[in-house]
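J.: One point on numbering: in this note's numbering, the residue at position 9 of the sequence shown is 261, and numbering is uninterrupted.
Got a structure for you, written out below as structure tokens; questions coming shortly.
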Amino acid sequence: MSIEDIINEECVNFMTEEPMDNIQSAEYFKENILPDEIEITHDDGNYFEISVNGKQYSCEVYGNGDFLSLYCRV
253 MSIEDIINEE CVNFMTEEPM DNIQSAEYFK ENILPDEIEI THDDGNYFEI
303 SVNGKQYSCE VYGNGDFLSL YCRV
């Protein structure tokens, strides 16, 4: 995943090491995939908000199991 994926509001698919629910997979994403330079400004389980280049994006993790999708939008 790159900052450009977020800026372009692209859906990012990812896999976890084991099956997880949406909240667990969002935590996995934030800890293991989200670039370190991206600031999380609000965190509410599988919904969170981030700041990229001064712009706020709302992000949600969808799916269940070990294959999930993250969608961020302005």
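A virtual CB, placed ideally from N, CA and C, is assigned to each residue, including glycine.
Predicted model, so just to flag it, every value in this text is computed and none were measured.
Quick one: measure Cβ to Cβ for asparagine 298 and isoleucine 275, integer angstroms, because I've assumed they're closer than 8 Å.
T.: 5 Å
J.: For asparagine 305, which three-state DSSP category applies?
T.: coil
J.: If distances are taken between C-alpha atoms only, which option among Glu262, Ile258, Phe281 comes closest to glutamate 269?
T.: Phe281
J.: When the Cα of glutamate 312 is compared with those of Met267, Val326, Glu262, Leu322, which residue comes out closest?
T.: Leu322
J.: Confirm, please, whether the CB-CB distance from isoleucine 292 to isoleucine 302 is below 8 Å.
T.: For the 8 Å CB-CB criterion, isoleucine 302 and isoleucine 292 form a contact.
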